[in-house]
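Start counting the sequence shown at 2; every next residue gets the next number (this note's numbering). Yeah, the Cβ is synthetic: ideal placement off N, Cα and C, and Gly gets one too.
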Amino acid sequence: MIYFDNAATTRCMPKAAEKMTEMLCEKYGNPASVSVLGLEVEKEIRRASEILANGIRANAEEIYFTSGGTEGDNWAIYGTAEGYQRNGKHMITTQIEHPAVKNPMKALEQKGYEVTWLGVDAQGRISAQELAAAIRPDTILVSVILVNNETGVVQNAAEIGRIIKEKNPNTLFHVDAVQAFGKYPIDVNKMHIDLLTMSAHKIHGPKGVGMLYMRKGLKVKPLILGGGQQKGQRAGTENGAGAAALGVAAEAAFAHMKENIEQIKKVKKTLMDGILAMPDTQVNGVGLQEDSPYVLNVTFKGLRSEVLLHTLESKGIFVSAGSACDSRKKVGSPVLTAMGLPFAQIEGAIRFSFSRYNTVEEAETCLRALEESVPFLRRINRER
């Protein structure tokens with residue numbers, strides 16, 4: 002099996018799975034308890050917080066564990082809306098956000114908030130000038146995805162953060178870093194980031210756990226109320242097993258980030274160069290050097306992505322027709338649409354996404370399958 006759908010989810014690394022099993026079966030105390038078992042779990046959670054914080058140049062007390070990226074995005078948006086409504090009811094985001102950001106923004110519009118939706122250019126990047134012009138005295142939040150989950154396009158977070166704070170120092174900057182955390186250098190201070198979300202299962206951790214970084218001193222309101230866990234910001238007994246396993250996965254990701262990037266660049270370059278040597282193909286994004294090496298979005302003109310996806314699957318190669326959250330909907334990708342691609346090109350778009358477990362040999366095998374399948378499928382399509 003060749004798994005090139007790592008933007009959807011990744012295989013849990015053995016050490017993270019072992020840590021989770023240890024926590025569930027041996028260190029299973031309630032971290033709020035003053036018992037020895039409870040204190041052991043609290044210690045594991047604190048260590049995981051320190052690993053996550055160090056990786057983004059934050060402080061451990063600014064780390065909050067969540068159920069994943071969706072909860073983190075919702076908390077950042079709704080919590081800011083409630084906590085800062087006296088400052089204003091204007092927010093800014095982009096047309097290429099994940100649904101976990103888009104849908105809360107749309108829901109707030111229904112409640113009287115005003116949202117500015119920034120467009121992107123043909124390469125999927127927002128305009129710094131358009132962003133600066135959109136920020137107002139009543140703008141309370143700007144939310145931007147750092148690495149796009151469909152194309153791998155990277156936004157310039159440092160420039161965005163600088164513009165926000167220059168135009169309105171009171172405006173919060175939220176970054177959806179689900180596809181960037183542990184894969185791309187992040188410094189929340191240099192980038193002026195106030196809120197940042199990630200998900201464990203994108204970096205070889207378990208599903209069902211994630212993190213929200215919240216800069217100390219913010220007035221962001223809790224999304225979940227109850228017993229006052231996590232400094233009163235996120236109620237409910239902490240998922241000690243998930244947090245500890247996330248810490249293990251994050252530690253491995255940060256320790257080998259540079260080597261992983263270089264290895265994955267080779268995999269992406271091999272696949273991309275081979276695909277572009279085929280007729281009627283195009284990369285959707287900037288390219289190898291400036292996009293994330295972890296994601297490659299390619300249009301195979303004259304084909305429907307679902308047909309090619311299932312053909313590759315029959316050969317043991319797993320890819321995606323876009324975001325896993327949108328792949329079952331019979332609509333064109335909003336991300337590629339925002340980039341100005343016509344539907345005929347969107348219809349044939351395939352996302353290949355990589356992890357440190359992928360190899361150049363797998364890319365070469367995938368290329369041979371594509372070179373065999375694409376001409377055959379195009380011929381059948383023309384004959385219909």
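- Between the region 300-320 and the region 265-282, the count of C-beta pairs closer than 8 Å reaches three or more; the two stretches touch.
- In the DSSP assignment, Met199 is bridged to Met212.
- For Trp118, the pairing in a beta bridge is given by DSSP as Thr94.
- Comparing alpha-carbon positions, the option among Met215, Lys103, Asn157 lying closest to Glu291 turns out to be Asn157.
- A check of alpha carbon separations from Gly211 across Gly227, Leu226, Val249 identifies Val249 as the nearest.
- For the set Tyr65, Thr10, Leu119, the Cα lying nearest the Cα of Arg235 is the one of Tyr65.
- DSSP, reduced to helix, strand and coil, places Arg380 within a helical segment of the structure shown.
- The Cβ-Cβ distance between Gln96 and Ala339 falls below 8 Å.
- Counting along the chain, no beta strand (DSSP E) covers Ser50; the unbroken alpha helix (DSSP H) around it starts and ends at 37-56.
- Within the model, the alpha-carbon separation for Asn285 versus Gly39 is close to 49 Å.
- Exposure of Gly113 is indicated by the presence of fewer than 16 other C-beta atoms within 10 angstroms of its C-beta.
- With a threshold of 16 other beta carbon atoms within 10 Å, Asp274 falls short and is exposed.
- Sequence-distant partners of Leu310 (beyond 5 residues in either direction) whose C-beta falls short of 8 Å from its own C-beta, in its chain, are Val320, Ser321, Ala322, Ile351.
- According to DSSP, Asn298 shares a beta bridge with Arg352.
- Under the Cβ criterion (8 Å, minimum of three pairs), the region 70-85 does not count as touching the region 39-51.
- As the crow flies, the alpha-carbon of Ala201 is around 44 Å from that of Arg383.
- Contact between Gln124 and Val154 holds, since their C-beta atoms are separated by about 7 Å, short of 8 Å.
- Straight across, the Cα-Cα distance linking Thr172 with Thr117 is about 14 Å.
- When only Cα atoms are considered, Val189 and Glu63 end up about 11 Å apart.
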